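Structure first, commentary second.
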Amino acid sequence: DIQMTQSPSSVSAFVGDRVTITCRASRSISNWLAWYQQKPGKAPKLLIYATSTLQSGVPSRFSGGGSDTDFTLTISSLQPEDFATYFCQQAHTLPWTFGQGTKVEVK
Amino acid sequence: QVQLQQWGAGLLKPSETLSLTCAVYGGSFSDYYWSWVRQTPGQGLEWIGEVNHSGTTTYNPSLQSRVIISEDTSTNQFSLKLMSVTAADTALYFCAGATTGGNWFDPWGQGTLVTVSS
């Protein structure tokens, strides 16, 4: 299986801060990467797919980048509704696998 | 807009069979691969398996020996059966769809908490 490793596991930030989360794949996945946001008690929500394509309705302050094994999710100016847990997922090789999550908390 | 509604038993005893169903509303049932994903505090998100529009299934090797995913195109529903459950199968279970060729999940069901306890 392809292992997905996210860092950091948690980050504390202020509203308005720029936040970057990293996801590393154990082998190359080209651009087959997605990012999800999850709030407590809710299902994950697809934010970005194919590394950098924003899902419809997702604010432009979210952006994704990277390729092969190293990927980033950046929130350019953190908003109150962005405090949540974020997961990456590789969509290159079965079985599909997820990172362990990064919790973005209020500082 | 495609929406998913899931249901099933939330409390099981060890060795019983977990059974969940997910109904698909809106959109085209055949445009998606339908998956089950579970989430635990310790293991995070784990993909269980999927069924495609022709009924072909693919399972996570870690669960393959105990899982059956099936679809009913007449009712636009798909189901999960996980046999011989143990406490390690206690998790929040989600159904989810991925468009053909996409392999990323949207939409998702609301989740069902399944607890395995004697």
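For the protein sequence lines, the chains are W and D, in the order given. With our numbering, letter number 14 in the first sequence gets 920, and the count goes up by one each step, no holes. With our numbering, letter number 44 in the second sequence gets 28, and the count goes up by one each step, no holes. Don't be surprised by glycine CBs; every beta carbon is placed ideally from N, CA and C. These numbers were taken from a predicted model, which means no experiment stands behind them.
8 Å Cβ cutoff, residue i in contact with chain D
| i | result |
| --- | --- |
| P914(W) | no |
| P950(W) | yes |
| Q943(W) | no |
| G970(W) | no |
| K961(W) | Sequence inspection shows Gln at residue 961(W); the Lys mentioned does not correspond to that position. With 8 Å as the cut-off, Q961(W) counts as an interface residue toward chain D. |
| G1007(W) | yes |
Top-ranked residue by Cα proximity to residue i, from the options
| i | options | result |
| --- | --- | --- |
| I53(D) | S12(D), Q27(D), S3(D), T74(D) | S3(D) |
| D988(W) | F920(W), A931(W), C994(W) | F920(W) |
| Y17(D) | W88(D), S68(D), L97(D) | W88(D) |
| G85(D) | R924(W), A931(W), Y955(W) | Y955(W) |
| Q48(D) | V(-14)(D), M67(D), V100(D) | M67(D) |
| R930(W) | A940(W), K1013(W), T975(W), I981(W) | T975(W) |
| S983(W) | G972(W), Q909(W), T926(W), I908(W) | T926(W) |
| L76(D) | G26(D), S(-1)(D), T40(D) | G26(D) |
| V1012(W) | D923(W), I908(W), Q912(W) | D923(W) |
Neighbouring residues, chain W, relative to residue i (Cβ below 7 Å)
| i | result |
| --- | --- |
| L29(D) | F993, F1004 |
| W88(D) | A940, L952, Y955, Q995, A997 |
| Q94(D) | A949 |
Contacts of residue i in chain W (Cβ-Cβ under 8 Å)
| i | result |
| --- | --- |
| W18(D) | Going along chain W, no residue has its Cβ under 8 Å from W18(D), so there is no contact; the nearest lies around 13 Å. |
Buried versus exposed call for residue i [16 or more other C-beta atoms within 10 Å across all chains shown]
| i | result |
| --- | --- |
| S19(D) | buried |
| R22(D) | buried |
| L90(D) | It is worth fixing the name first, because residue 90(D) is Asp in this sequence and not Leu. Flag for D90(D) reads buried. |
| A71(D) | exposed |
| G39(D) | exposed |
Chain W contact for residue i (CB, 8 Å cutoff)
| i | result |
| --- | --- |
| P45(D) | yes |
| F62(D) | no |
| T41(D) | no |
Chain-ordered chain D contacts of residue i [CB-CB under 7 Å]
| i | result |
| --- | --- |
| L1000(W) | T42 |
Chain-ordered neighbours of residue i on chain W, where CB pairs are closer than 9 Å
| i | result |
| --- | --- |
| F13(D) | Here the premise fails: no neighbours, minimum Cβ distance about 19 Å. |
(message) Using a Cβ distance threshold of 8 Å, determine whether the region 7 to 27 of chain D contacts the region 59 to 71 of chain D, with at least three qualifying pairs required.
(response) yes
(request) Taking 8 Å as the threshold, find out whether the region 932 to 948 of chain W comes into contact with the region -14 to -6 of chain D through three or more Cβ pairs. (result) no
(request) Would you check if the region -9 to 0 of chain D and the region 994 to 1012 of chain W touch, i.e. whether three or more CB-CB distances between them fall below 8 Å? (result) no
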